[in-house]
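Numbering of the sequence shown is given in UniProt numbering, commencing with residue 1 and proceeding in unit increments.
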Amino acid sequence: LGRRRRRSRLRARQEDRSSLLWGAGARKVLVTERLSGLPGSGARGSVGLQLHGTDPQSWAVGEARPGPLPAAAMAENWKNCFEEELICPICLHVFVEPVQLPCKHNFCRGCIGEAWAKDSGLVRCPECNQAYNQKPGLEKNLKLTNIVEKFNALHVEKPPAALHCVFCRRGPPLPAQKVCLRCEAPCCQSHVQTHLQQPSTARGHLLVEADDVRAWSCPQHNAYRLYHCEAEQVAVCQYCCYYSGAHQGHSVCDVEIRRNEIRKMLMKQQDRLEEREQDIEDQLYKLESDKRLVEEKVSQLKEEVRLQYEKLHQLLDEDLRQTVEVLDKAQAKFCSENAAQALHLGERMQEAKKLLGSLQLLFDKTEDVSFMKNTKSVKILMD
Numbered sequence: 001l002g003r004r005r006r007r008s009r010l011r012a013r014q015e016d017r018s019s020l021l022w023g024a025g026a027r028k029v030l031v032t033e034r035l036s037g038l039p040g041s042g043a044r045g046s047v048g049l050q051l052h053g054t055d056p057q058s059w060a061v062g063e064a065r066p067g068p069l070p071a072a073a074m075a076e077n078w079k080n081c082f083e084e085e086l087i088c089p090i091c092l093h094v095f096v097e098p099v100q101l102p103c104k105h106n107f108c109r110g111c112i113g114e115a116w117a118k119d120s121g122l123v124r125c126p127e128c129n130q131a132y133n134q135k136p137g138l139e140k141n142l143k144l145t146n147i148v149e150k151f152n153a154l155h156v157e158k159p160p161a162a163l164h165c166v167f168c169r170r171g172p173p174l175p176a177q178k179v180c181l182r183c184e185a186p187c188c189q190s191h192v193q194t195h196l197q198q199p200s201t202a203r204g205h206l207l208v209e210a211d212d213v214r215a216w217s218c219p220q221h222n223a224y225r226l227y228h229c230e231a232e233q234v235a236v237c238q239y240c241c242y243y244s245g246a247h248q249g250h251s252v253c254d255v256e257i258r259r260n261e262i263r264k265m266l267m268k269q270q271d272r273l274e275e276r277e278q279d280i281e282d283q284l285y286k287l288e289s290d291k292r293l294v295e296e297k298v299s300q301l302k303e304e305v306r307l308q309y310e311k312l313h314q315l316l317d318e319d320l321r322q323t324v325e326v327l328d329k330a331q332a333k334f335c336s337e338n339a340a341q342a343l344h345l346g347e348r349m350q351e352a353k354k355l356l357g358s359l360q361l362l363f364d365k366t367e368d369v370s371f372m373k374n375t376k377s378v379k380i381l382m383d
């Protein structure tokens, strides 16, 4: 399965190979067609490219159509074809520590070991299905290892060259802040308007930050991603739509048009979110206003209740004072009367004691018969 997949990808890339000739001004031009029977290079932009909402034949006059692959892209294609021969049939990645079986098929040491560990039956070659009675020795393929190391060295990224403004005429050019993806002309911040006033294609200029140029470059074809694939929702270059089968037949549109559409959708969404935010803010304001109103009303009611209770306390205090005063007066009157009665009773007590003493003396005299000579004192005492 892995070999058939690699062969199909190799055939697809072989169809894209084209010979290049050097023309006037050392400019490369495409001299062979991608597939036999297709029209000339002028119609190349319409093959396998469906513009979103636009007929491929309705390109604006003067607008650049997809042209031949640049030299860097062709080199990248050849490197990809070369990479096909360095793919492990198991993990489908470039070999890591390749080993060779007796049947001359190569695998990553880790991949073949893991594949045999999962299969408890006979040991077989995953590529040709040849069976072995026992696990053969895994000999390191030194030649293939060297080729893989050199291939991996091709992927070492080189630091990008510094870009300078092409419009600076006085003094040394300033470092570029913007790069036009259509004109491929860098410019500094002060010459952005100057660049926008320059003639361009019907689709206009497309300025991006100079630091983002690498992100806008297609790693496979070394071309700028000026189109947007609607099916995959990614930015692609014109060669991805034409040469590669990954996006062939998909509906694509100009990246700037799609960007404006997305901006409009985002602006509408922003308006909806701002309305929602304003509505929530109004509700929060109402809640806060209601809270302040309730706090003020409660504070006012508290003050009124406090004043009412103060008045009640004053009335109760006055009533208490009057009641205590009445009680004090009643007590004083009672005590005065009581004292008078006690004094009167005391006087009577003294008088009674005096009479009792007299009575006792008179009683003692009754022992004598002579007492009876005169009893006037007894009559007075009894009265």
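Beta carbons: idealized from backbone N, C-alpha and C, even for Gly.
What you are looking at is a predicted structure, and each value in this text was computed from that prediction instead of being measured.
Straight-line CA distance for residue i to residue j?
i, j, result
"residue 223", "residue 242", "13 angstroms"
"residue 194", "residue 171", "17 angstroms"
"residue 354", "residue 331", "34 angstroms"
"residue 298", "residue 311", "20 angstroms"
"residue 281", "residue 221", "51 angstroms"
"residue 269", "residue 284", "22 angstroms"
"residue 344", "residue 338", "10 angstroms"
"residue 309", "residue 301", "12 angstroms"
"residue 305", "residue 279", "38 angstroms"
"residue 288", "residue 274", "20 angstroms"
"residue 164", "residue 260", "28 angstroms"
"residue 374", "residue 362", "12 angstroms"
"residue 240", "residue 231", "13 angstroms"
"residue 340", "residue 349", "14 angstroms"
"residue 97", "residue 120", "24 angstroms"
According to DSSP, residue i sits in a beta bridge with which residue or residues?
i, result
"residue 207", "180"
"residue 235", "228"
"residue 333", "None; residue 333 has no bridge partner."
"residue 354", "Paired residue(s): none; residue 354 is not in a bridge."
"residue 175", "164"
"residue 140", "99"
"residue 186", "179"
For residue i, which three-state DSSP category applies?
i, result
"residue 153", "helix"
"residue 165", "coil"
"residue 217", "strand"
"residue 240", "helix"
"residue 29", "Below a pLDDT of 50, predicted positions are generally treated as unreliable, and residue 29, at 25, falls in that range; the measurement from the model is reported next regardless. Residue 29: strand per DSSP, three-state reduction."
"residue 170", "coil"
"residue 366", "coil"
"residue 375", "coil"
Excluding the five sequence neighbours on either side, which residues of its own chain have a C-beta within less than 8 angstroms of the C-beta of residue i, listed in chain order?
i, result
"residue 134", "123"
"residue 366", "none"
"residue 43", "With a pLDDT of 31 at residue 43, under the threshold of 50, the modelled position of this residue cannot be trusted, and the question is left open."
"residue 206", "180, 181, 182, 226, 255 and 256"
"residue 128", "103 and 105"
"residue 216", "181, 208, 224, 225 and 235"
Which residues in the same chain as residue i place their Cβ atom closer than 7 angstroms to its Cβ, once the five residues preceding and following it in sequence are excluded?
i, result
"residue 167", "187, 191, 194 and 195"
"residue 139", "99 and 100"
"residue 377", "362"
Looking only at its chain, what residues have a beta carbon closer than 6 angstroms to the beta carbon of residue i, apart from the 5 residues adjacent to it on each side?
i, result
"residue 342", "none"
"residue 111", "88, 90 and 91"
With a threshold of 8 angstroms (Cβ to nearest heavy atom), would residue i be considered close to the ligand SAM?
i, result
"residue 279", "With respect to the ligand SAM, the structure offers nothing, as it holds no ligand at all."
| For the stretch 71-138, which segments carrying the beta strand (DSSP E) assignment without a break, of at least 3 residues, lie completely within its bounds, in sequence order? | 98-100 and 106-108
| query | Which residue spans inside the stretch 247-298 form an unbroken beta strand (DSSP E) run of at least 3? | reply | 251-254
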